[in-house]
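Read through the structure below, which is laid out as structure tokens, and then see the notes.
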Amino acid sequence: MTNTTRERGFTITEIMIIVLVLGILGGIGYVGWSMAITSSKTNAAKTNATAVKNAADQFNSRYGAYPTNAQIQGVGDTIKLPDGVSLQNSPILTKNDPQTKIFFRATPSSGPPYRGNCIGYYDYAAGTMKVIYTGTATNLDTASLACS
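Residue numbers (the working numbering): 277 to 424.
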């Protein structure tokens with residue numbers, strides 16, 4: 277008489293293949309998730325910078341000149357910055373800065389009347405600061421910290 281019982285289960289090779297496939301799928305999911313987070317942070321920073329640009333344009337429409345950092349934060353009646361946005365005078369932004377930290381500089385740096393603004397935000401995907409401009413401002417020289 278022969279023993280016909282057959283053992284059931286997975287071999288170690290089959291289990292290793294399953295673990296490998298799950299690891300690959302998990303890695304793909306993580307990369308997609310981290311890219312989505314980076315894109316979301318960049319979009320939030322750009323939206324905040326655009327809101328600051330719109331506020332500077334409103335200031336110019338009302339007062340006939342573009343604002344300084346202190347002026348744009350001091351006008352709270354109808355020209356409002358987004359909640360939580362902080363403006364800084366230094367054009368040094370890093371990946372550790374929140375999306376609400378925005379660089380803001382009036383041009384010319386020599387003094388009024390100001391003809392425009394340089395507004396910077398950190399692009400988390402590119403790893404650098406990006407600048408948008410108002411008025412006649414066209415260039416930010418990070419060496420001299422001048423917005424021209």
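We treat Cβ as the ideally placed atom computed from N, Cα and C, and that holds for glycine.
**OP:** Report, in whole angstroms, the separation of the C-beta atoms of residue 318 and residue 408, which I expect to be a contact under 8 Å.
**Re:** Walking along the sequence shown from the start, residue 318 turns up at place 42. Walking along the sequence shown from the start, residue 408 turns up at place 132. So it is not a contact: roughly 13 Å between Cβ atoms.
Original post:
Counting pairs of Cβ atoms below 8 Å between the segment 334–344 and the segment 288–301, do you hit three or more?
Top reply: With the cut-off at 8 Å, the segment 334–344 and the segment 288–301 do not touch.
Original post:
Cα separation between residue 311 and residue 357?
Top reply: As a first step, residue 311 is located in the sequence shown; it is residue number 35 there, counting from the start. As a first step, residue 357 is located in the sequence shown; it is residue number 81 there, counting from the start. Near 28 Å, if we compare the C-alpha coordinates of residue 357 and residue 311.
Subject >> Sufficient close CB pairs (3 or more, under 8 Å) joining the segment 368–381 to the segment 397–408 >> reply: Yes, the segment 368–381 touches the segment 397–408.
Original post:
What first and last residue would you give for the alpha helix (DSSP H) that runs through residue 381?
Top reply: Against the sequence shown, residue 381 aligns to sequence position 105. Segment 377–383 is the beta strand (DSSP E) holding residue 381; no alpha helix (DSSP H) there.
Original post:
Going along the chain, which residues of its own chain have a beta-carbon closer than 7 Å to the beta-carbon of residue 412, five neighbours each way excluded?
Top reply: In the sequence shown, the residue the question calls residue 412 occupies position 136. Here the set comprises 391, 392.
Original post:
Pick from 355, 383, 389, 405: whose alpha carbon is nearest that of residue 367?
Top reply: In the sequence shown, residue 367 corresponds to position 91, counting from 1. It is 405 whose Cα lies nearest to the Cα of residue 367.
Subject >> residue 308 to residue 316 span [Cα, whole Å] >> reply: If you number the sequence shown from 1, residue 308 lands on position 32. If you number the sequence shown from 1, residue 316 lands on position 40. Taking the straight line from one Cα to the other gives about 12 Å.
**OP:** Mind reading off the beta-carbon distance from residue 331 to residue 348? Whole number of angstroms is fine, and I expect it under 8 Å.
**Re:** Within the sequence shown, numbered from 1, the residue matching residue 331 stands at position 55. Within the sequence shown, numbered from 1, the residue matching residue 348 stands at position 72. The C-beta separation of residue 331 from residue 348 comes to about 6 Å, placing the pair in contact by the 8 Å criterion.
**OP:** Could you tell me if residue 294 is buried or exposed, where buried requires 16 or more neighbouring beta carbons within 10 angstroms of its beta carbon?
**Re:** Against the sequence shown, residue 294 aligns to sequence position 18. By the Cβ neighbour-count rule, residue 294 is exposed, with fewer than 16 other Cβ atoms within 10 Å of its own.
Original post:
Where do the N-terminal and C-terminal ends of the beta strand (DSSP E) with residue 407 fall, by residue?
Top reply: Counting from one through the sequence shown, the residue named residue 407 turns up at place 131. Per DSSP, residue 407 belongs to the beta strand (DSSP E) from 404–411.
**OP:** Could you tell me the distance, in whole angstroms, from the CA atom of residue 339 to the CA atom of residue 346?
**Re:** In the sequence shown, residue 339 corresponds to position 63, counting from 1. In the sequence shown, residue 346 corresponds to position 70, counting from 1. One C-alpha to the other measures close to 15 Å.
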